[in-house]
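Numbering (full-length UniProt numbering), first residue to last: 1 to 291. Glycine is no exception: its CB is placed at the ideal position from the N, C-alpha and C atoms.
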């Protein structure tokens, strides 16, 4: 199978590329701006992971460019008869009721989430005419997300602080809850989407973990005992809690998260420890404290 993966150098995309190649598929990652330039090859499957997520971009630019990229991939899929799987987001739910069901009222409050909702609405118009599946990612974490900087998961940032011997900083008073889903499960959901019916599905674990419990889990995995430092939340609009309703994904996508939170954190920690040189970080932190 010949696959196009947009955002192939990004977090989800890079992990998906590795798995598709491992399964023996031919994978192409475009080195052009898909919102501005046309892709001319033929493909069997398109995984559209590219999007502007960086908050430094203006809202209008984020919305417009994300929609243009999506529209371009829809046109390409139609032209070559490819199956299209695209990344949506739990951000479309805003601070809606938990657990978040695919058909509940949408309350996006960022341009990024608004662009994802627009994609979902456009996809719904196409369900009967092409294979198109939207995956609403919840709070994804795991290997190869570090390039996202500030946008990387709280798991990544808190672990970085704790490896340096610093107290983990979380918003007061750590009672917020998020549905943290491991990247390996997200990759599997993308591949399963090729074999399901056109629709939009949640991709989460169905379990919400509090910020305090995230810190506790990291302490256990790292073998340390660092108390959280509670800080004020500077954001006026903030998605405080997320939790996926997993019934639809389980029944139709045949997807159910296989990684529990602690095992996923442990696996991720081992990956980072090998790739980032934690011993050097600890040494640097000790020197800085001595000075």
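Expressed to the nearest angstrom, what Euclidean distance is found between the alpha-carbon atoms of residue 165 and residue 225?
Translated into the one-based positions of the chain shown, residue 165 becomes position 165. Translated into the one-based positions of the chain shown, residue 225 becomes position 225. So the alpha carbons of these two residues sit roughly 10 Å apart.
Measuring only the C-alpha atoms, how far is residue 272 from residue 214?
What you label residue 272 is simply residue 272 of the chain shown in a count that begins at 1. What you label residue 214 is simply residue 214 of the chain shown in a count that begins at 1. Taking the straight line from one Cα to the other gives about 17 Å.
Ordered list of alpha helix (DSSP H) runs contained in the region 210-245, each at least 4 residues:
Secondary structure in the region 210-245: the alpha helix (DSSP H) runs of 4 residues or longer, each lying completely within the stretch, are 211-222 in chain order.
Extent of the continuous beta strand (DSSP E) run through residue 45
Translated into the one-based positions of the chain shown, residue 45 becomes position 45. Counting along the chain, the beta strand (DSSP E) containing residue 45 begins and ends at 45-48.
Minimum C-alpha distance to residue 11 - residue among 182, 112 and 80:
As a first step, residue 11 must be located in the chain shown, where it is residue number 11. Looking at the Cα atoms, 182 is the closest of the given residues.
For residue 207 and residue 268, I'd like the C-alpha separation in whole angstroms.
Indexing the chain shown from 1 puts residue 207 at position 207. Indexing the chain shown from 1 puts residue 268 at position 268. Roughly 19 Å separates the two Cα atoms.
Let me know the secondary structure DSSP gives residue 191 once reduced to three states.
Translated into the one-based positions of the chain shown, residue 191 becomes position 191. The answer is helix: DSSP assigns residue 191 an H, G or I state.
For residue 150, does the count of other Cβ atoms within 10 angstroms reach 16, so buried, or fall short, so exposed?
For this step, residue 150 is matched to residue 150 along the chain shown. Exposed.
With DSSP as the reference, identify every bridge partner of residue 100, one or two as the case may be.
Within the chain shown, numbered from 1, the residue matching residue 100 stands at position 100. According to DSSP, which records beta bridges pairwise, residue 100 is partnered with 244.
Just to confirm the assignment, what range does the alpha helix (DSSP H) spanning residue 115 have?
Taking the first residue of the chain shown as 1, we reach residue 115 at position 115. Taken as a continuous stretch (DSSP letters only), the alpha helix (DSSP H) holding residue 115 covers 111-124.
Just to confirm my understanding: we take residue 209, look at its own chain, exclude 5 residues before and 5 after, and list those with CB closer than 8 Å. What are they?
Position 209 of the chain shown, counting from 1, holds the residue named residue 209. Closer than 8 Å at the Cβ level, and outside the excluded window around residue 209, lie 177, 178, 179, 180, 217 and 261.
With a cut-off of 8 Å on the beta carbons, I'd call residue 48 and residue 87 a contact; round off their distance for me.
The residue labelled residue 48 in the question sits at position 48 within the chain shown. The residue labelled residue 87 in the question sits at position 87 within the chain shown. Contact flag correct, Cβ pair sits at about 7 Å.
Under the DSSP definition of a beta bridge, which residues are partnered with residue 26?
Translated into the one-based positions of the chain shown, residue 26 becomes position 26. DSSP output for residue 26 lists 2 as bridge partner(s).
Excluding the 5 residues preceding and the 5 following residue 279 in the sequence, name in chain order all residues of the same chain whose CB lies nearer than 6 Å to its CB.
Residue 279 sits at position 279 when you count from the first residue of the chain shown. Confidence at residue 279 is low in this model, with a pLDDT of 48, below 50, so the placement of that residue is unreliable and no value is reported for it.
Can you grab the Cα-Cα spacing for the pair residue 108 / residue 91, in whole Å?
If you number the chain shown from 1, residue 108 lands on position 108. If you number the chain shown from 1, residue 91 lands on position 91. C-alpha separation (whole angstroms): 6 Å.
Closest to residue 201 by CA distance: which of 248, 84, 264 and 38 is it?
Numbered from 1 along the chain shown, position 201 holds the residue referred to as residue 201. Cα-wise, what sits closest to residue 201 is 248.
With the cut-off set at 8 Å, would you say residue 27 and residue 3 are in Cβ contact?
Here residue 27 refers to the residue found at position 27 when the chain shown is read from its first residue. Here residue 3 refers to the residue found at position 3 when the chain shown is read from its first residue. The answer is yes: Cβ separation under 8 Å.
Would you call residue 168 buried or exposed, if buried means 16 or more other Cβ atoms sit within 10 Å of its Cβ?
For the purposes of this step, residue 168 is identified with residue 168 of the chain shown, where counting begins at 1. Under this definition residue 168 is a buried residue.
Does the separation of the CB atoms of residue 135 and residue 189 fall below 8 Å?
Numbered from its first residue, the chain shown carries residue 135 at position 135. Numbered from its first residue, the chain shown carries residue 189 at position 189. It is a contact, given that the beta carbons lie within the stated cut-off.
Residue 125 versus residue 274: straight-line alpha-carbon distance, rounded
Locating residue 125 in the chain shown gives position 125, where the first residue counts as 1. Locating residue 274 in the chain shown gives position 274, where the first residue counts as 1. Straight-line Cα distance between these residues: approximately 46 Å.
Below 8 Å on the Cβ atoms is my guess for residue 46 versus residue 16; work out the distance and round it to an integer in Å.
Against the chain shown, residue 46 aligns to sequence position 46. Against the chain shown, residue 16 aligns to sequence position 16. The beta carbons of residue 46 and residue 16 sit about 12 Å from each other, so the pair does not count as a contact at 8 Å.
Beta bridge counterpart(s) of residue 202 as assigned by DSSP:
Indexing the chain shown from 1 puts residue 202 at position 202. As a beta-bridge residue in DSSP terms, residue 202 pairs with 136.
Enumerate in chain order the residues of its own chain whose CB-to-CB distance from residue 192 is below 7 Å, with the five nearest sequence positions on each side excluded.
In the chain shown, residue 192 corresponds to position 192, counting from 1. So the list reads 253, 254 and 255, once near-sequence residues are dropped.
Note down, in chain order, each residue of its chain lying with its Cβ closer than 7 Å to the Cβ of residue 148, except the 5 sequence neighbours on either side.
By 1-based counting over the chain shown, the position of residue 148 is 148. 11.
If I follow the unbroken alpha helix (DSSP H) through residue 74, where does it start and stop?
For the purposes of this step, residue 74 is taken as the residue at position 74 of the chain shown. That run of the alpha helix (DSSP H) goes 59-80.
Going by C-alpha to C-alpha distance, which of 157, 29 and 21 sits closest to residue 7?
For the purposes of this step, residue 7 is identified with residue 7 of the chain shown, where counting begins at 1. Answer by Cα proximity: 29.
Sorted by chain position, which residues of the same chain lie with C-beta nearer than 8 Å to residue 104's C-beta, five sequence neighbours on each side aside?
For the purposes of this step, residue 104 is taken as residue 104 along the chain shown, with counting starting at 1. Within the same chain, residue 104 has close Cβ partners 93, 96 and 97.
DSSP-derived helix/strand/coil call for residue 180:
Here residue 180 refers to the residue found at position 180 of the chain shown. DSSP places residue 180 in strand when its eight states are reduced to three.
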